[in-house]
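When we follow our numbering, the leftmost residue of the sequence shown carries the number 816, and every step to the right adds one.
From the three backbone atoms N, C-alpha and C, an ideal C-beta is built for every residue, glycine too.
Only one structure is covered here, and it is reproduced in the block below.
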Amino acid sequence: MLQEKFFAGTLAFVLTFSFIFSAASAQTTYNMKNIRGYVVGVDNPVELSDGKKVTAINFNNSFTTPPFEPVVEEITKVMQIYGNMGLGKSQLSANSAAVYYRNKILSFVGAAPEKYTCFYVNNTTDGLNKLASALIDSKDDIVLASRMEHNANDLTWRGRCKVVYADVDNLGRLDLKDVERLLKENSVKYVTITAVSNVTGYVNDVHAVAKLAHKHGAKVIVDGAQIVAHRKFSMTGKTSAEDVDFFVFSAHKMYSPFGGGAVIGRTDLLNERMPKFYGAGTTKVVTGSKEILLDAPHRYEAGSINFASVVGLGKAIDVLQEVGFENIQRHEQTLTRKLINGLKKIDGVEIYGDAKNISDRVGIVTFSVKNVSNEKISKQLAERGISVGAGNFSAHSYVFKLLGVSDSEIEKKISTNDFDVPGMIRVSFGVYNTETEIDTFLEALKKIL
């Protein structure tokens, strides 16, 4: 494609500046022992209502993560030779275009460049909506989702087609037998599934789902928002039948600022489609009555791209890979086990999900306290400088299922304009969280109760 040829012709210019900008940071090695020192703001004191200053504890990383300092530095450096992507032939626009490349992201998710391409979006919700607008042809199309999905991977499809839902078991894990049952009973076009639940932290076997889906003629879409900062992920399975067709994720869940994300998808399938987002950058030529579209990924990127987010995302990938996902997983398992053991010793606490076998969980623990509202607990923790998630985490159906509350009960409440629905407390860890912070959290929770 024309833009790629232009990128290649200007690469030498970009590499010169990249070398200058990265010379200092190249000497730094990131690992689990020093990574906290490279996360923005985590050791900054905050002032409490009584005037006392404490170091804040952020246990709400599933919502968003603070950025890595190297990410902020990289964005600042590259912006010094910033120009709009592909508009004009100056060195500045050439640099933006060259930095804006996709191979790093394809490699990050194990997607072969001869099979997949990548287009940039604002976040996972944006990416899923763009995919849905392109892939769905009719209200009669059937999409199979699960009861553990985030609203972004549920409501996105509800408004466009028919959605059927695979159930979860008593501990909240995805029921693969129910996935297969629904595939047999329905003419499913797409299966859309989360890689990791943002409520329980369960890691789904998306390759097993893909194998089932492909056997029944369906394509697979994976919501990857909650896995990219926690586990190494590959779109490629052991066989081609297990390959994932589409994968979507956000940069702000992986230590890069808001406003960035990506969709990785099969190039052949994307070229057959066009999202309902139009404008500059999507066409080769436009006449008074006709337009010729560019191939994917460009037809999915109408208008100017958030260049800074692309740079930040690329650097965040570098840091996470250097720290190592095996090390991140080991750290999270230690923190998760410590927190669960501590919560078990507090009267009235109910933990959701499997509290015994946690090997298939990332660093997320949800719980509630008998006769104490999650809002009260989260507010009093905040008064002590501790941030947690509280409520339904934009996964209402899954939370209500885990709480044992039926849809009819919720619908009865809201029919009287009572939106004070039950919820949970969520603790979600980042690479920088420590065991000492868990001790502080547990002591604070005991005092509150």
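* Exposed or buried, what is Lys945 when buried is set at 16 or more other beta-carbons lying within 10 Å of its beta-carbon? -> Its Cβ being crowded by 16 or more others within 10 Å, Lys945 is buried.
* To do: Determine the burial state of Ile1036: buried for a count of at least 16 other Cβ atoms within 10 Å of its Cβ, exposed for fewer.
  => buried
* Using the rule of at least 16 other Cβ atoms within 10 Å of the residue's Cβ for burial, across every protein chain shown, is Pro860 buried or exposed? -> exposed
* Asked: Expressed to the nearest angstrom, what Euclidean distance is found between the alpha-carbon atoms of Val1018 and Thr1102?
  -> 49 Å
* To do: Note down, in chain order, each residue of its chain lying with its Cβ closer than 7 Å to the Cβ of Leu921, except the 5 sequence neighbours on either side.
  => Pro928, Tyr931, Cys933, Ile1079
* Between the beta-carbon of Asn938 and the beta-carbon of Gly1129, is there less than 8 Å? -> no
* Please say whether Val1134 and Asn846 have beta carbons closer to each other than 8 Å? => Their beta carbons are not under 8 Å apart, which means Asn846 does not touch Val1134 by this criterion.
* Can you name the residues that DSSP bridges to Arg962? -> Paired residues: none, contrary to the question.
* Asked: Thinking just about the alpha-carbon of each residue, which of Asn1186, Gly852, Ser1230, Val924 is nearest to the one in Phe1061?
  -> The option with the nearest alpha carbon to Phe1061 is Val924.
* Hey, could you find the ends of the alpha helix (DSSP H) Ala1095 is sitting in? => Run containing Ala1095: none; DSSP gives neither H nor E here.
* Asked: Is the beta carbon of Leu986 sitting closer than 8 Å to the one on Asp865?
  -> No Cβ-Cβ contact shorter than 8 Å links Leu986 with Asp865.
* Using a threshold of 8 Å, state whether the C-beta atoms of Val886 and Ser1055 are closer than that. => no
* Under the three-state reduction of DSSP, which class applies to Val1187: helix, strand or coil? -> strand
* Based on the DSSP secondary-structure assignment, which residues constitute the bridge partners of Asn873? -> Listed as beta-bridge partners of Asn873 by DSSP are Ser1202.
* Glu1057 and Ala1010: beta carbons closer than 8 Å? -> Note that the C-beta distance between Glu1057 and Ala1010 is not below 8 Å.
* Asked: Should Tyr915 and Leu907 be called a contact, given that it needs their Cβ atoms to be closer than 8 Å?
  -> no
* Quick one: using the 10 Å Cβ neighbour count with 16 as the cut-off for buried, is Ala839 buried or exposed? => Below a pLDDT of 50, predicted positions are generally treated as unreliable, and Ala839, at 43, falls in that range; the measurement from the model is reported next regardless. Answer is exposed; the Cβ neighbour count stays below 16.
* Asked: With Leu1085 and Tyr1115 assumed to form a contact (beta carbons below 8 Å), what rounded beta-carbon distance in angstroms separates them?
  -> 7 Å
* Asked: Does the Cβ-Cβ distance between Arg1088 and Leu950 come in under 8 Å?
  -> yes
* Asked: For Ser774, does the three-state DSSP call read helix, strand or coil?
  -> Here the chain has residues from 816 to 1264 only, and residue 774 is not among them.
* **Collapsed DSSP secondary structure at Met894 in the structure displayed** => helix
* Find out if the Cβ-Cβ distance for the pair Asn875, Val1203 is shorter than 8 Å. => yes
* alpha helix (DSSP H) segment containing Val1035, residue limits -> Note, Val1035: premise wrong, no alpha helix (DSSP H); beta strand (DSSP E) at 1034-1038.
* To do: Compute the distance between the beta-carbons of Ile1008 and Val979, then report whether it is under 8 Å.
  => no
* Please state whether DSSP places Tyr915 in a helix, a strand or coil. => coil
* Asked: Which whole-angstrom value is the C-beta distance of Ile1173 and Ser1243, which I expect to be below 8 Å?
  -> So it is not a contact: roughly 14 Å between Cβ atoms.
* Give the DSSP-derived three-state secondary structure of Val936 in the structure shown. => strand
* Asked: In whole angstroms, what is the alpha-carbon distance linking Ser1124 and Met963?
  -> Taking the straight line joining both Cα atoms gives about 29 Å.
* Asked: Among all the DSSP beta bridges, which residues are the ones paired with Tyr1115?
  -> Note: Tyr1115 sits in no beta bridge, so no partner.
* Per-residue DSSP class, three states only, for Thr1009 -> Note: Thr1009 maps to strand in three-state DSSP.
* To do: Could you tell me the boundaries of the beta strand (DSSP E) in which Val861 lies?
  => Start and end: 860-862.
* Asked: Taking just the CA atoms, how far does His1146 sit from Gly1118?
  -> 41 Å
* Along the chain, where does the beta strand (DSSP E) that runs through Tyr1213 open and close? -> Not the beta strand (DSSP E): Tyr1213 falls in the alpha helix (DSSP H), residues 1211-1218.
* To do: On a CA-only basis, which of Val854, Asn968, Gly1127 is nearest Ile890? Give me that one, please.
  => Gly1127
* Residue range of the alpha helix (DSSP H) that includes Glu1224 -> Under the DSSP assignment, Glu1224 falls in the alpha helix (DSSP H) whose first and last residues are 1222-1229.
* To do: Would you tell me roughly how many angstroms separate the C-alpha atoms of Leu1260 and Asp1222, rounded to the nearest one?
  => 30 Å
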